[in-house]
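Scroll down for the structure; my scribbles are underneath it.
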Amino acid sequence: MEAFDLLMTGFGALMEPSRLGFMMLGVILGLLVGVLPGVGGTTGVAILLPITVFLEPISALIMLAGIYWGSMYGGLITSILFGVPGNPWSVAVMFDGRPLAKQGKAGLAMATGFWVSFFGAIIASVLFTFFAVPFAEMALRFGPPEMFAVLMIAFGTFIGMGGSPGKTVVMIAAGFLLSTVGLDVVTGAPRLTFDSIALMQGFHFVPITIGLFGLGEVLANAAERYKVQIEEVTRAAKLGLHDITAGARAVLKNFWLAAGSALLGFVTGILPGAGATPASFMAYGFAQKISRHPERFGKGAIEGVLAPEAANNAAGTGAILPMLVLGIPGSPTAAILMAGVFMWGFIPGPRLFTEQPEFVWGFIASLYLANLGALVICLTATPLLAMMLRTPYAILAPVIVVLCFVGAYAIQNSFLDIWFVLIFGVIGFILRRLDYPLAPLIVALVLGASTEEALRQSLIMSDGSMLIFFQRPLSAPIMVAALLLFMLPLIQMAVRRYRRRQRQEASAGD
Amino acid sequence: MTPIWLRTTYRAVELGAIVCLLVLGVVLLSESIELGPGWGESGPQPGFFPFLLTVLLILGALGVLYASVYRQPDLRPFFEVSQEITDLLRVGIPIIATVIVIRWLGLYVGSGLYLAFFMAWYGRFRWYQALAGGILLPIIMWLTLREGFNIPMPMSMFYRSGILPF
Chain A
24 MEAFDLLMTG FGALMEPSRL GFMMLGVILG LLVGVLPGVG GTTGVAILLP
74 ITVFLEPISA LIMLAGIYWG SMYGGLITSI LFGVPGNPWS VAVMFDGRPL
124 AKQGKAGLAM ATGFWVSFFG AIIASVLFTF FAVPFAEMAL RFGPPEMFAV
174 LMIAFGTFIG MGGSPGKTVV MIAAGFLLST VGLDVVTGAP RLTFDSIALM
224 QGFHFVPITI GLFGLGEVLA NAAERYKVQI EEVTRAAKLG LHDITAGARA
274 VLKNFWLAAG SALLGFVTGI LPGAGATPAS FMAYGFAQKI SRHPERFGKG
324 AIEGVLAPEA ANNAAGTGAI LPMLVLGIPG SPTAAILMAG VFMWGFIPGP
374 RLFTEQPEFV WGFIASLYLA NLGALVICLT ATPLLAMMLR TPYAILAPVI
424 VVLCFVGAYA IQNSFLDIWF VLIFGVIGFI LRRLDYPLAP LIVALVLGAS
474 TEEALRQSLI MSDGSMLIFF QRPLSAPIMV AALLLFMLPL IQMAVRRYRR
524 RQRQEASAGD
Chain B
1366 MTPIWLRTTY RAVELGAIVC LLVLGVVLLS ESIELGPGWG ESGPQPGFFP
1416 FLLTVLLILG ALGVLYASVY RQPDLRPFFE VSQEITDLLR VGIPIIATVI
1466 VIRWLGLYVG SGLYLAFFMA WYGRFRWYQA LAGGILLPII MWLTLREGFN
1516 IPMPMSMFYR SGILPF
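Protein chains in written order, with the numbering used here: chain A, 24 to 533; chain B, 1366 to 1531.
Dropping the structure here:
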């Protein structure tokens, strides 16, 4: 019951009006960001990060995390009403949410989505509460080789679970290379600066994130504007009391599906590198597989809304766990939150739990309250949120662009960073169009220094032998798992070849 | 005859991106070899990590080259209709112009001008609506950034000489 007592301390820390206020402010901003096209949760968190330096750390963390949770709820609204997912993790919910909306059941679909998001998030929060301490205790025994092995798991997951493995490798390498620009931490030698003094301080990841995600998305939306027409569907965004109760009943009726999806989501979320998007797709496939009517999926099955929503909210919560415990974020948003934790003067890792219990447990307690707040706002104010979508593009786009510049400049008061936003915005647009995954680049950029440090320290320990990763009892299994993840695309390719040959031989034998 | 920008395929753009990556790879490779890619007296030399990564970058790029240029080329046009390009330029060029304007006139004036211009030109708002937007945005930003959080923002060239407060 130790976790329970600690959780109560956390609630105690939260019971300050200003902290609750910042938490709710974060949730509301997140909902707006989730609903508005052109800004995702990642951009929202990145833009507001510089401002949080002026807040006390607990308020800062729960406000930024609130944006993350809020955007998860908000993305649901646009996915169901317009078929325009505001975030990548809201794509799966569209498959059945959009058909439901076309049948005039948008209210039911949204209410169910909100309830199940809340349900999934609460299950994940409970798991988080009880797993955090054992996890941290295990992590305390980690040395550099173990850290490096876990980091490799993160990047292995990107490669094993992403789309094109070649593109993922390129993005990971690019992220790491960007992180090495500047002065070398160990020897102090300038690296990859090409004799430019401006590059000596290195790339800060905030302007790059804002460029790739924020401005890149504005440009991508601009090019696709001729396709999307936001019709007068905004009027359909009404949630009656009837929808709310029917949604709650749908969740209770599919209780085990929702609970299973949440568990699946949480586990996927903990896996560094996986995050909410694959979790939502996996849960959708899982729901279809165990359904008695798989043919109804894609035509408006309520289970198709339930499963991905439960999973992605649970995964979002789960992704924070390795960030706090190990300092390894599971998603780009978690990576930005982690950078925030550094900026507020703390070091993420197992020691955080013993040295800053109020900070950690205040955050864990905020998981429960923030989700409750988001649910209440969504159930009561959805029409208001959908109204935001009517904001004319000619006002919305410039405001987003200006906010991108403000966020990038504020981080280190350098005008160069505004140029970086512009440059990486254009790069982000092209990469997005060519289906290069952006998340691995951001995670690699944030983790670059610690990965290099772990690798160097391990190699110094072993005097240059790579075998050290396989000789220690803790790091060996982790490293083997990571290598398997790296090989996954190759293994899949070999299996496919083998099957094809067998089929050919079978048909040749006839 | 369709113009060249509508005939450019995904494969062509993909190829262009790979060429850029490979050029970058060669530059970085020579740079990290100069830094020392091997084992020094007290551990890995500074170029060790960048060298490893550049090799990874090049291998990845070659993998993409094989998969999406040779093996499964995507021959759809990169831009389907010319509307896409005009929309992109109409949104993109004012953004670039804004960055240049901010350099001289500061963030507050620059963003106000940008919003007013974009509302009037792209959104076809009436001139007084655009003007109101262009004045309101800097005021709101001033109140939150300057008065609220005291975060410094890029100021105009008149700020340092003391002519203007922003």
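Beta carbons are placed, not taken as given, at the ideal position from N, Cα and C, and that holds for glycine. The model shown is predicted, which means the values in this text are computed figures rather than measured ones.
*Which residues, in chain order, does the region 1477-1491 of chain B contribute to contact with chain A at a C-beta distance below 7 Å?*
Listed by position, the residues of the region 1477-1491 of chain B near chain A (Cβ gap below 7 Å) are 1479, 1480, 1483, 1484, 1487, 1488 and 1490.
*Sort A:362, A:35, A:176 and A:197 by Cα distance to residue 1423 of chain B and report the nearest one.*
By 1-based counting over the second sequence, the position of residue 1423 of chain B is 58. When only C-alpha atoms are compared, the closest one is A:197.
*Confirm, please, whether the CB-CB distance from residue 462 of chain A to residue 181 of chain A is below 9 Å.*
Counted from its first residue, the first sequence places residue 181 of chain A at position 158. Counted from its first residue, the first sequence places residue 462 of chain A at position 439. Cβ distance < 9 Å, so residue 181 of chain A and residue 462 of chain A count as in contact.
*Go ahead and pull the three-state DSSP assignment for residue 1409 of chain B.*
The count along the second sequence starts at 1 and reaches residue 1409 of chain B at position 44. Residue state, collapsed to three classes: strand.
_Quick check on DSSP: helix, strand or coil for residue 1491 of chain B?_
Looking up residue 1491 of chain B in the second sequence gives position 126. In this structure, residue 1491 of chain B counts as coil in the three-state DSSP scheme.
*Count the other CB atoms within 10 Å of the CB of residue 119 of chain A; is the residue buried (16 or more) or exposed (fewer)?*
Within the first sequence, residue 119 of chain A is the residue found at index 96, counting from 1. Its Cβ being crowded by 16 or more others within 10 Å, residue 119 of chain A is buried.
*Would residue 427 of chain A be called buried (16 or more neighbouring beta carbons within 10 Å of its own) or exposed?*
Counting from 1 along the first sequence, the entry for residue 427 of chain A is found at position 404. Buried, since its Cβ has 16 or more Cβ neighbours within 10 Å.
*Tell me, please, whether the region 493-511 of chain A touches the region 165-180 of chain A by the rule of three or more beta-carbon pairs shorter than 8 Å.*
Here the region 493-511 of chain A lies against the region 165-180 of chain A, with 3 or more beta-carbon pairs under 8 Å apart.
*What separation, rounded to the nearest whole angstrom, lies between the Cα atoms of residue 1445 of chain B and residue 1371 of chain B?*
Taking the first residue of the second sequence as 1, we reach residue 1445 of chain B at position 80. Taking the first residue of the second sequence as 1, we reach residue 1371 of chain B at position 6. Straight-line Cα distance between these residues: approximately 7 Å.
*Span of the alpha helix (DSSP H) holding residue 293 of chain A?*
For this step, residue 293 of chain A is matched to residue 270 along the first sequence. Unbroken alpha helix (DSSP H) run through residue 293 of chain A: 278-293.
*With respect to the alpha helix (DSSP H) encompassing residue 139 of chain A, which residues constitute its N-terminal and C-terminal limits?*
Position 116 of the first sequence, counted from the start, is the residue given in the question as residue 139 of chain A. Here the alpha helix (DSSP H) through residue 139 of chain A covers 129-162.
*Report the option in B:1393, B:1527, B:1375 and B:1499 whose CA atom is closest to the CA atom of residue 1433 of chain B.*
Here the question's residue 1433 of chain B lines up with position 68 in the second sequence. Out of B:1393, B:1527, B:1375 and B:1499, B:1375 has the C-alpha closest to the C-alpha of residue 1433 of chain B.
*Which parts of the region 1444-1517 of chain B are runs of the alpha helix (DSSP H), unbroken and 4 residues or longer, counting only runs that do not cross its ends?*
When DSSP assignments are scanned along the region 1444-1517 of chain B, the uninterrupted stretches of alpha helix (DSSP H) that are 4 or more residues long and fall wholly within it turn out to be 1447-1486 and 1492-1506.
*Verify the CB distance criterion: does residue 245 of chain A have a CB-CB separation below 9 Å to chain B?*
Reading the first sequence from its first residue, position 222 is the one you call residue 245 of chain A. So yes, residue 245 of chain A belongs to the interface.
*asked:* Applying the 10 Å Cβ sphere with the 16-neighbour rule, what's the burial state of residue 80 of chain A?
replied: Residue 80 of chain A sits at position 57 when you count from the first residue of the first sequence. The residue in question, residue 80 of chain A, is buried, as its Cβ has 16 or more Cβ neighbours within 10 Å.
*Pairing CB atoms from the region 218-235 of chain A with CB atoms from the region 423-443 of chain A, are three or more of them under 8 Å?*
Touching, yes.
_Test: residue 1446 of chain B CB closer than 9 Å to a CB of chain A_ = Within the second sequence, numbered from 1, the residue matching residue 1446 of chain B stands at position 81. For residue 1446 of chain B, the answer is yes, since a Cβ of chain A falls inside 9 Å of its Cβ.
*Whole angstroms is fine: what's the gap from residue 1531 of chain B's alpha carbon to residue 1510 of chain B's?*
As a working note, residue 1531 of chain B is residue 166 in the second sequence. As a working note, residue 1510 of chain B is residue 145 in the second sequence. Each residue's alpha carbon lies about 12 Å from the other.
*What's the gap between the Cα of residue 1389 of chain B and the Cα of residue 1367 of chain B?*
Translated into positions along the second sequence, residue 1389 of chain B becomes position 24. Translated into positions along the second sequence, residue 1367 of chain B becomes position 2. Taking the straight line joining both Cα atoms gives about 33 Å.
*With distances taken Cα to Cα, identify the nearest neighbour of residue 344 of chain A among A:321, A:332, A:376 and A:270.*
Against the first sequence, residue 344 of chain A aligns to sequence position 321. Ranking A:321, A:332, A:376 and A:270 by Cα distance to residue 344 of chain A puts A:376 first.
_Excluding the 5 residues flanking residue 183 of chain A on each side, which residues of the same chain have their C-beta closer than 6 Å to its C-beta?_
Start at 1 with the first residue of the first sequence, and residue 183 of chain A comes out as number 160. Answer for residue 183 of chain A: 508 and 511, listed in chain order.
*Of the listed residues A:67, A:88 and A:73, nearest to residue 42 of chain A (C-alpha basis)*: Position 19 of the first sequence, counted from the start, is the residue given in the question as residue 42 of chain A. When only C-alpha atoms are compared, the closest one is A:88.
*Output yes if chain A places a C-beta closer than 9 Å to the C-beta of residue 1428 of chain B; else output no.*
Locating residue 1428 of chain B in the second sequence gives position 63, where the first residue counts as 1. With 9 Å as the cut-off, residue 1428 of chain B counts as an interface residue toward chain A.
_Once DSSP output is grouped into helix, strand and coil, what is the label at residue 1374 of chain B?_
For this step, residue 1374 of chain B is matched to residue 9 along the second sequence. Reduced to three states, the DSSP call for residue 1374 of chain B is strand.
*asked:* Using the three-state DSSP reduction, which class does residue 367 of chain A fall into: helix, strand or coil?
replied: Taking the first residue of the first sequence as 1, we reach residue 367 of chain A at position 344. Secondary structure of residue 367 of chain A (DSSP, three-state): coil.
*State yes or no: is the beta carbon of residue 110 of chain A nearer than 9 Å to at least one beta carbon in chain B?*
As a first step, residue 110 of chain A is located in the first sequence; it is residue number 87 there, counting from the start. Interface criterion not met: the Cβ of residue 110 of chain A is under 9 Å from no Cβ in chain B.
*Under the three-state DSSP convention, the category residue 248 of chain A falls into*: Taking the first residue of the first sequence as position 1, residue 248 of chain A is located at position 225. Coil.
*asked:* Our contact map puts residue 15 of chain A next to residue 424 of chain A with C-beta atoms below 8 Å; I'd like the distance itself, whole angstroms only.
replied: Residue 15 of chain A lies beyond the range of chain A shown here (24 to 533); nothing can be said about it.
*Roughly how many angstroms lie between the CA atoms of residue 1520 of chain B and residue 449 of chain A, to the nearest whole one?*
Residue numbering aside, residue 1520 of chain B sits at position 155 when the second sequence is read from its first letter. Residue numbering aside, residue 449 of chain A sits at position 426 when the first sequence is read from its first letter. Taking the straight line from one Cα to the other gives about 25 Å.
*Hey, residue 123 of chain A and residue 328 of chain A are a contact pair by Cβ (cut 8 Å); roughly how many whole angstroms apart?*
The residue you call residue 123 of chain A lines up with position 100 of the first sequence. The residue you call residue 328 of chain A lines up with position 305 of the first sequence. At roughly 7 Å, the Cβ-Cβ gap stays under 8 Å, so residue 123 of chain A and residue 328 of chain A are in contact.
*Roughly how many angstroms separate the alpha carbons of residue 398 of chain A and residue 404 of chain A, rounded to a whole number?*
Within the first sequence, numbered from 1, the residue matching residue 398 of chain A stands at position 375. Within the first sequence, numbered from 1, the residue matching residue 404 of chain A stands at position 381. Cα-Cα distance, rounded: 10 Å.
*With a cut-off of 9 Å, does the C-beta of residue 1374 of chain B fall near any C-beta of chain A?*
Taking the first residue of the second sequence as 1, we reach residue 1374 of chain B at position 9. No Cβ of chain A is located within less than 9 Å of the beta carbon of residue 1374 of chain B.
_Three CB pairs or more closer than 8 Å across the region 319-338 of chain A and the region 297-308 of chain A_ = Proximity of the region 319-338 of chain A to the region 297-308 of chain A meets the contact definition, three or more beta-carbon pairs being nearer than 8 Å.
_chain B within 9 Å of residue 279 of chain A, Cβ atoms only_ = Mapped onto the first sequence, residue 279 of chain A falls at position 256. No, residue 279 of chain A does not count as interfacial toward chain B.
*From residue 157 of chain A to residue 57 of chain A, what distance separates their C-alpha atoms?*
By 1-based counting over the first sequence, the position of residue 157 of chain A is 134. By 1-based counting over the first sequence, the position of residue 57 of chain A is 34. Approximately 34 Å, taken between the alpha carbons.
*Classification of residue 378 of chain A by the beta-carbon crowding that lies within 10 angstroms, buried from 16 upward*: Taking the first residue of the first sequence as 1, we reach residue 378 of chain A at position 355. Residue 378 of chain A comes out exposed.
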